[in-house]
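Some notes on the structure that comes next.
Protein chains in written order, with our numbering: chain A, 1 to 284; chain B, 1 to 284.
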């Protein structure tokens with residue numbers, strides 16, 4: 001039987017000794033021109049680009065993350081490239097789970113349909129979910145024990161504080177909204193042990209507070225690299241009791257490290273560099 | 001030049017005298033069997049189902065709303081049916097705008113890609129957006145002056161209160177999160193006059209408060225019919241200063257009114273009934 005998302009991640013943290021997640025944010029306009037000339041169709045170009053990145057990074061990652069928006073923006077061709085990328089990873093590297101970063105959210109039977117989309121149609125092992133609509137809206141995801149449910153908590157953008165930092169009254173205690181989100185999810189939503197949180201690397205202080213709230217719940221940490229997150233503080237503040245706990249995602253900094261024929265080799269170099277940097281801070 | 005989403009809606013409220021929105025939540029498993037036997041492919045079946053509903057309701061609606069999840073769950077075929085449904089409405093009924101209910105949300109250039117997906121790839125006139133990530137995350141949508149940006153405020157599900165009702169401290173005033181969302185959007189996000197809010201019909205009291213906060217901002221109101229919203233209170237509490245202001249959506253109650261060959265006629269009957277009920281409360 002296949003491992004659940006959380007088991008697979010924990011196994012990769014331990015055995016492969018890596019918390020690196022390569023983000024396949026394969027925006028068509030940024031893919032090297034020589035690949036576009038060679039493969040012509042959008043679908044084939046993106047798929048071959050992804051395969052080259054995967055071939056050069058699979059031994060370095062605990063998982064891959066695919067950003068839905070860059071595929072969805074291309075319509076059917078992009079959707080097809082997305083599906084085939086996940087199939088390719090599952091076939092070649094069954095030990096590497098795939099996160100579909102699609103930030104889905106809706107209510108009732110619509111939310112059910114989204115769970116079918118991401119887990120059954122695309123075959124993703126985990127999905128990012130927006131919690132604003134409340135627990136019942138997330139149930140179709142939460143009840144999928146084998147899948148990871150990665151809920152937005154404190155995001156890495158400048159405007160994240162507009163609502164996430166508002167001080168709320170929660171059971172008589174004053175705390176910012178993102179801490180209420182973390183508290184509810186870890187105490188009440190995680191009965192199947194399949195919840196994770198999105199915690200932006202740009203706010204290491206918040207990372208520490210949320211680590212204290214949630215115990216060893218895995219965090220997906222975007223914002224390293226192009227968004228300027230500080231790796232050292234992120235790791236020191238975010239690490240769990242077993243010295244792991246983080247899925248540290250880098251997308252553009254790795255996959256678009258070069259715009260030329262050496263793009264896959266350069267991607268590997270950047271992934272090695274990120275892994276090395278993580279290892280440095282992790283064991284200090 | 002084509003009207004903006006908001007202009008088109010206001011025109012339809014005034015000239016067609018209708019606030020009805022038919023939701024094309026065309027879940028494949030619920031489509032009448034005889035259509036599946038006739039058209040065989042998912043894509044063709046859904047498209048022909050939608051066309052029949054549109055032919056029988058176009059004179060009764062201010063807009064259509066398409067629920068992305070039911071199409072996305074089918075992969076490429078569903079996506080293609082979605083695109084062709086919007087094309088069909090634009091070709092036959094250019095005065096009827098189409099809302100893509102996809103509750104998109106992300107940050108930076110990912111959010112840009114989502115705006116391309118919903119507005120350029122699918123050609124929707126408006127999209128539903130989750131505001132949890134803050135204003136900067138919504139900018140790629142807000143800057144599209146001609147398009148409607150329909151932000152989640154108070155949703156119609158039972159668990160909506162988990163976060164939306166939390167009492168926050170906002171500029172020294174205590175108010176629930178959904179009211180902060182409404183306040184920020186109407187004061188600060190609406191510079192292009194293209195914002196609308198999702199306000200569930202199941203909570204008419206909240207509708208009144210948010211109407212007072214936002215002036216004549218249009219509300220998309222789901223939850224009428226299958227979710228048990230009360231039409232009378234919804235209209236009395238939600239109507240704007242011109243006696244309109246609401247996009248009252250009904251999906252399953254209309255499109256799946258019958259499971260047989262009379263499905264389109266029955267859908268029309270239900271749409272007429274909803275329009276008549278709205279008119280009754282609107283002018284009392």
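Cβ atoms here follow ideal geometry from the backbone N, Cα and C, with glycine treated the same way.
- residue 162 (chain B): first and last residue of the uninterrupted beta strand (DSSP E) it sits in: DSSP places residue 162 (chain B) in no beta strand (DSSP E) but in the uninterrupted alpha helix (DSSP H) bounded by 161-164.
- Residues that residue 331 (chain A) bridges to, as DSSP identifies them: Examination of residue 331 (chain A) is not possible in this model, given that chain A is present from 1 through 284 alone.
- Please list the segments of the beta strand (DSSP E) lying wholly inside the segment 155-194 of chain A, counting only runs of 3 or more residues, in order along the chain. If we require 3 residues or more, the beta strand (DSSP E) runs fully inside the segment 155-194 of chain A come out as 167-170 and 173-176.
- Query: What three-state label does DSSP hand residue 260 (chain A) in the structure shown?
  - Reply: coil
- Query: If you pair each beta-carbon of the segment 29-49 of chain B with each one of the segment 80-89 of chain A, do three or more pairs fall below 8 Å?
  - Reply: no
- Measure the CB-CB distance between residue 224 (chain B) and residue 201 (chain B) and report whether it falls below 9 Å. yes
- Query: residue 130 (chain B): buried (16+ other C-beta within 10 angstroms of its C-beta) or exposed?
  - Reply: buried
- Message: With three or more C-beta pairs closer than 8 Å as the rule, is the segment 176-188 of chain B touching the segment 182-190 of chain A?
- Response: For the pair of segments examined, the segment 182-190 of chain A was found not to touch the segment 176-188 of chain B: the number of CB pairs separated by less than 8 Å stays below three.
- How many Å lie between residue 293 (chain B) and residue 60 (chain A) at the Cα? Residue 293 (chain B) lies beyond the range of chain B shown here (1 to 284); nothing can be said about it.
- Query: Between the segment 97-108 of chain A and the segment 120-130 of chain A, are three or more C-beta pairs nearer than 8 Å?
  - Reply: Segments in contact, yes.
- Task: Using the Cα positions of residue 216 (chain B) and residue 150 (chain B), report the straight-line distance between them to the nearest angstrom.
- Result: 14 Å
- Item | Closest Cα partner of residue 251 (chain B) within the set B:68, B:170, B:190 and B:262 | Put simply, of B:68, B:170, B:190 and B:262 the residue whose alpha carbon is nearest the alpha carbon of residue 251 (chain B) is B:68.
- Query: Name the DSSP beta bridge partners of residue 110 (chain A), please?
  - Reply: In the DSSP output, where bridge partners are listed per residue, residue 110 (chain A) has none listed.
- In angstroms with no decimal places, state the Cα-to-Cα distance between residue 115 (chain A) and residue 70 (chain A). Rounded to whole angstroms, residue 115 (chain A) to residue 70 (chain A) spans 20 Å at the Cα level.
- When the Cα atoms are used, what is the spatial distance from residue 92 (chain A) to residue 253 (chain B)? 46 Å
- Message: Cβ closer than 9 Å: which chain B residues qualify as neighbours of residue 169 (chain A)?
- Response: 166, 167, 168, 169 and 174
- Taking residue 58 (chain B) as part of the beta strand (DSSP E), name the residues at either end of that continuous run. Segment: none, residue 58 (chain B) is in no beta strand (DSSP E) and carries neither H nor E.
- Message: Along the chain, where does the beta strand (DSSP E) containing residue 18 (chain B) start, and where does it finish?
- Response: Counting along the chain, residue 18 (chain B) falls outside any beta strand (DSSP E), and DSSP gives it neither H nor E.
- Message: Using a Cβ-Cβ cutoff of 8 Å, what residues of the segment 54-82 of chain A are near chain B? List them in chain order.
- Response: 67, 69, 70, 72, 73, 74, 75, 76, 79 and 80
- Task: Give me the Cβ distance between residue 58 (chain A) and residue 148 (chain A), rounded to the nearest whole Å; I'm assuming they're in contact under 8 Å.
- Result: Their Cβ separation, rounded to whole angstroms, is 19 Å, which puts residue 58 (chain A) and residue 148 (chain A) out of contact at 8 Å.
- Give the single residue among B:280, B:138, B:117 and B:111 whose Cα lies nearest to the Cα of residue 77 (chain A). B:117
- Task: Take residue 140 (chain B) and list the residues in its own chain whose beta-carbon comes closer than 6 Å to its own, dropping the five residues that flank it on each side.
- Result: Within its own chain, the residues whose Cβ lies closer than 6 Å to the Cβ of residue 140 (chain B), once the five positions on either side in sequence are excluded, are 111, 112 and 115, listed in chain order.
- Under 8 Å by Cβ, that's how I've got residue 20 (chain B) and residue 248 (chain B) pegged, so tell me the actual separation to the nearest angstrom. 6 Å
- May I ask you to report which of helix, strand or coil DSSP gives residue 80 (chain A)? helix
- Query: Which residue or residues does DSSP assign as beta-bridge partners of residue 75 (chain A)?
  - Reply: Paired residue(s): none; residue 75 (chain A) is not in a bridge.
- Give me the Cα-Cα distance between residue 73 (chain A) and residue 103 (chain B), rounded to the nearest whole angstrom. 15 Å
- Task: Look at residue 177 (chain B) and residue 133 (chain A) and say whether their C-beta atoms are less than 9 Å apart.
- Result: Taking 9 Å as the Cβ cut-off, residue 177 (chain B) and residue 133 (chain A) do not qualify as a contacting pair.
- Same chain only: Cβ atoms within 7 Å of residue 268 (chain A), ignoring 5 sequence neighbours per side: 56 and 57
- Under 8 Å by Cβ, that's how I've got residue 239 (chain B) and residue 282 (chain B) pegged, so tell me the actual separation to the nearest angstrom. 7 Å
- Task: Compare the C-alpha of residue 11 (chain B) against each of B:263, B:277 and B:218 and name the closest.
- Result: B:218
- Taking the Cβ atom as the reference point for each residue, do residue 135 (chain A) and residue 193 (chain A) lie within a distance shorter than 9 Å? no
- Task: State the Cα-Cα distance for the pair residue 262 (chain A) and residue 3 (chain A), rounded to the nearest angstrom.
- Result: 35 Å
- Item | residue 285 (chain B) (DSSP reduced to helix, strand or coil) | Outside the shown range of chain B, which is 1 to 284, sits residue 285 (chain B), and nothing can be said about it.
- Task: Report the residues of the segment 103-122 of chain B with a CB closer than 9 Å to any CB of chain D, ordered along the chain.
- Result: The structure shown has no chain D; the protein chains it does contain are A and B.
- So which residues on chain A does residue 156 (chain B) lean against when the C-beta distance must stay under 8 Å? Near residue 156 (chain B) (Cβ distances below 8 Å), the residues of chain A are 107.
- Query: When DSSP labels each residue in this structure, what does residue 64 (chain B) get in the three-state scheme?
  - Reply: DSSP places residue 64 (chain B) in strand when its eight states are reduced to three.
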